[in-house]
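Numbering (this note's numbering), first residue to last: 52 to 574.
Even glycine gets a Cβ: it sits at the ideal position worked out from N, Cα and C.
These numbers come from a predicted model, not from an experiment.
Rendered as structure tokens:
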């Protein structure tokens with residue numbers, strides 16, 4: 052029988068989908084103003100006033116006052132006591148009043164720690180107090196020299212260089228480490244809500260489980276529905292000239308190699324962990340890794356991209372003028388309490404993801420999907436998955452640019468295999484705009500994509516910034532029908548028709564990670 056279209060015009064059209072890539076040249080002033088937090092009465096410390104920090108020979112220590120080696124159960128109990136204490140004494144600081152976007156300002160904003168609270172740097176083995184200061188939004192004010200230091204500088208100033216400063220800096224009152232404070236903030240119920248799976252239920256009047264919006268243009272209307280997943284499409288958006296008879300499977304429910312679905316002697320479909328396309332093992336893909344079964348790849352190029360990106364996660368890359376850039380991605384692996392290198396890095400990644408969202412929220416107007424009421428930018432920064440393919444953002448990474456622990460520029464990227472990557476959002480805090488910060492971060496992203504052999508980068512742009520992206524960043528309009536058809540095969544973030552789609556051919560760019568000899572032959 053002929054396929055029956057279902058009209059999916061949604062009655063609820065509230066909310067605007069206004070997000071697009073920004074830059075240093077943005078003229079919008081819609082970001083939250085930087086206010087100073089009103090002064091708060093400092094709470095009475097549970098410790099007597101202590102002498103200023105000495106050197107490594109200081110006789111002060113926490114032995115007998117905090118248990119050591121009791122594992123995650125003891126640390127969890129200490130965090131819980133600290134949580135109850137702060138609920139009684141602390142109140143949250145409105146995030147709009149935070150003047151610096153650092154991990155410490157995030158903790159202060161949530162009320163996990165209090166501004167000007169005394170902290171100690173504690174030696175791991177002896178428990179000796181090697182440094183003392185007061186924590187604030189910008190870092191730590193050292194008690195011995197009155198210097199304003201970053202968290203890592205405070206560790207070095209205390210005579211240590213473990214590269215895990217949050218693990219060894221303790222609140223003097225509760226004797227809870229800053230690392231435990233990060234975990235407490237991450238496990239906060241309000242924070243947890245920002246990263247839950249977007250489990251979208253179909254509208255009650257629809258009578259089926261399919262999405263109310265086209266996968267390609269995000270509009271409603273007469274849509275053709277996939278029989279296997281909730282995705283729906285306008286036939287014109289996928290260049291469908293003849294309406295199929297009987298059941299139809301969308302491009303995301305068929306093998307990327309043979310074009311067939313499950314069965315028919317082809318075996319089950321696997322989903323590539325990088326490009327998220329489906330494939331039959333007999334048609335292509337790499338052999339299953341029995342040591343790491345959830346991670347599978349449709350080919351060696353996707354495996355190399357996946358491994359390359361994951362090797363970069365959480366590692367700060369030093370640039371010029373004290374700038375660093377880091378690639379982040381939220382992970383939900385449970386904390387073991389071992390605080391090894393990987394777990395420590397994961398805690399830092401998650402904390403900076405939360406701060407990156409606050410920066411993005413300053414830079415962009417509300418970006419609410421009018422069909423599902425999903426906050427698009429927030430979901431992308433937290434790489435939230437979804438039961439609806441169109442708003443499944445689990446494959447996104449967040450790139451940040453920092454200076455003195457402050458996150459000043461943020462970009463979101465997703466790599467759809469070797470052919471295509473997208474960067475739907477990039478934003479810089481107001482006071483750092485027109486200083487080239489977004490340009491620096493975008494160059495770092497391009498260099499990384501080039502080193503991974505990704506061929507093309509696609510971005511959206513509001514019309515008033517299109518010229519800037521084309522002149523300064525050398526992007527071109529997506530106009531060729533061949534390219535438009537190719538993009539329809541990927542689950543890229545959709546914007547209103549007024550937003551201009553731009554692309555850049557990365558295959559013609561030099562790989563900045565290679566020497567000039569190795570780059571020979573490239574422009």
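Proximity to residue i [Cα-Cα], best of the options
i           : options            : result
residue 290 : 298, 302, 281      : 302
residue 521 : 531, 509, 532      : 509
residue 433 : 384, 222, 311, 247 : 247
residue 375 : 177, 397, 346, 451 : 451
residue 206 : 176, 226, 401, 171 : 171
residue 423 : 235, 266, 169      : 266
residue 444 : 463, 459, 279      : 463
residue 279 : 288, 287, 312      : 312
residue 502 : 438, 396, 519, 362 : 362
residue 419 : 351, 391, 436, 546 : 546
residue 544 : 408, 427, 358      : 427
residue 390 : 231, 163, 523, 177 : 231
residue 284 : 297, 489, 263, 298 : 263
residue 396 : 382, 414, 406      : 382
residue 456 : 415, 407, 442      : 407
residue 492 : 282, 449, 218, 394 : 449
residue 416 : 436, 474, 478, 233 : 478
residue 475 : 277, 271, 429, 241 : 429
residue 234 : 531, 514, 186, 154 : 154
Residues near residue i by beta carbon distance below 7 Å, same chain, minus five either side
i           : result
residue 97  : Reliability of the predicted coordinates at residue 97 is poor, the pLDDT of 39 falling under 50, and the value obtained from them is presented with this limitation in mind. Excluding residues within five positions, the ones whose Cβ falls inside 7 Å are 224.
residue 48  : The structure shown does not extend to residue 48, since the chain is modelled only from 52 through 574, so no value can be given for it.
residue 339 : 347
residue 286 : 275, 294
Cβ-based neighbour list, residue i, same chain, cut-off 6 Å, excluding 5 preceding and 5 following
i           : result
residue 238 : none
residue 468 : 326, 353
residue 500 : 472, 557
residue 139 : At residue 139 the pLDDT is 40, less than 50, meaning the model places this residue with poor confidence and gives no usable figure here.
residue 384 : none
residue 322 : 329
residue 555 : 508, 526
residue 251 : 423, 438, 439
residue 436 : 248, 443, 445
Residues near residue i by beta carbon distance below 8 Å, same chain, minus five either side
i           : result
residue 538 : 471, 509, 529, 552
residue 447 : 380, 431, 432, 434, 463, 464, 465
residue 100 : Low per-residue confidence applies at residue 100: pLDDT is 38, beneath 50, and the placement is therefore not dependable, though the value from the model is reported in the following sentence. Cβ within range, chain order: n/a, list empty.
residue 454 : 372, 373, 374, 375
residue 357 : 324, 325, 346, 348
residue 219 : 172, 173, 174, 175, 206, 211, 213, 228
residue 336 : 321, 323, 330, 347, 348, 349, 350
Residue burial classification, residue i (beta-carbon count within 10 angstroms, cutoff 16)
i           : result
residue 495 : buried
residue 368 : exposed
residue 158 : buried
residue 213 : exposed
residue 549 : exposed
residue 558 : exposed
residue 160 : buried
residue 331 : buried
residue 175 : exposed
residue 409 : buried
residue 38  : Outside the shown range of the chain (52 to 574) lies residue 38, about which nothing can therefore be said.
residue 333 : exposed
residue 293 : exposed
residue 201 : buried
residue 177 : exposed
residue 240 : exposed
residue 196 : exposed
residue 342 : exposed
residue 536 : exposed
Those residues which DSSP pairs with residue i across a bridge
i           : result
residue 171 : 183, 221
residue 510 : 553
residue 368 : 376
residue 422 : Per DSSP, none; premise fails for residue 422.
residue 249 : 437
residue 112 : 179
residue 331 : 320
Length-filtered (3 minimum) beta strand (DSSP E) runs lying within the region 436-478: Every unbroken stretch of the beta strand (DSSP E) spanning 3 or more residues and falling wholly within the region 436-478 is given here in chain order: 448-454, 457-466.
Complete runs of the alpha helix (DSSP H) confined to the region 192-234 [at least 4 residues]: Listed in chain order, they are 202-208, 216-219.
3-residue-minimum beta strand (DSSP E) runs that sit fully inside the region 255-329, ordered along the chain: Counting whole runs of 3 or more residues, the region 255-329 contains the beta strand (DSSP E) stretches 273-276, 320-322.
Length-filtered (4 minimum) alpha helix (DSSP H) runs lying within the region 518-568: Taking only runs of at least 4 residues, the alpha helix (DSSP H) segments lying wholly in the region 518-568 are 532-538.
Residue ranges of each alpha helix (DSSP H) within the region 475-502, 4 or longer: Taking only runs of at least 4 residues, the alpha helix (DSSP H) segments lying wholly in the region 475-502 are 488-502.
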